[in-house]
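Right, one structure below, let's go through it.
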Amino acid sequence: MKRKKKMTWKERMKVKKEMTKNYNSNQSFYTGDIISHKNFGLGYVESSFGNKIDVLFEDRARTLVHMVMF
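For our numbering, add 317 to where a residue sits in the sequence shown, where the first one is 1.
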C-alpha cells in the first residue's frame, strides 16, 4: 500500500484560501480549516485534540489553543 504524499503549505493554501477564518482562541477550529493568525500568517489545521490544534504555517507547524465546542 502506497502512502499519500503529504501536501505542502503552499499546496494547502491554493486549495482553500477563500475559506480562511481569523484565529481567535475563543473559537473552535477543525481539521482542514485554513486560519489567519496575526503573527504567523496563514495556516492549515492539520489536527485537533482537546483544546489544542496543530497548525501548519509557512515556516513551521505550531500548536495553538482553541475553544472546544461539542
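Glycine included, each C-beta is placed from N, C-alpha and C at the ideal position.
| Query | Result |
| --- | --- |
| Return the chain-ordered ranges of every beta strand (DSSP E) run that is complete within the region 346 to 380 and spans a minimum of 3 residues. | 351 to 354, 358 to 366 and 369 to 374 |
| Helix, strand or coil for Lys-338? Go by DSSP, reduced to three states. | strand |
| Please report how far the alpha carbon of Phe-366 lies from the alpha carbon of Asp-376, in whole angstroms. | 22 Å |
| My understanding is that Ile-352 touches Val-382, with C-beta atoms under 8 Å, so please give their C-beta distance in whole angstroms. | Wrong, their Cβ atoms sit about 13 Å apart, outside the cutoff. |
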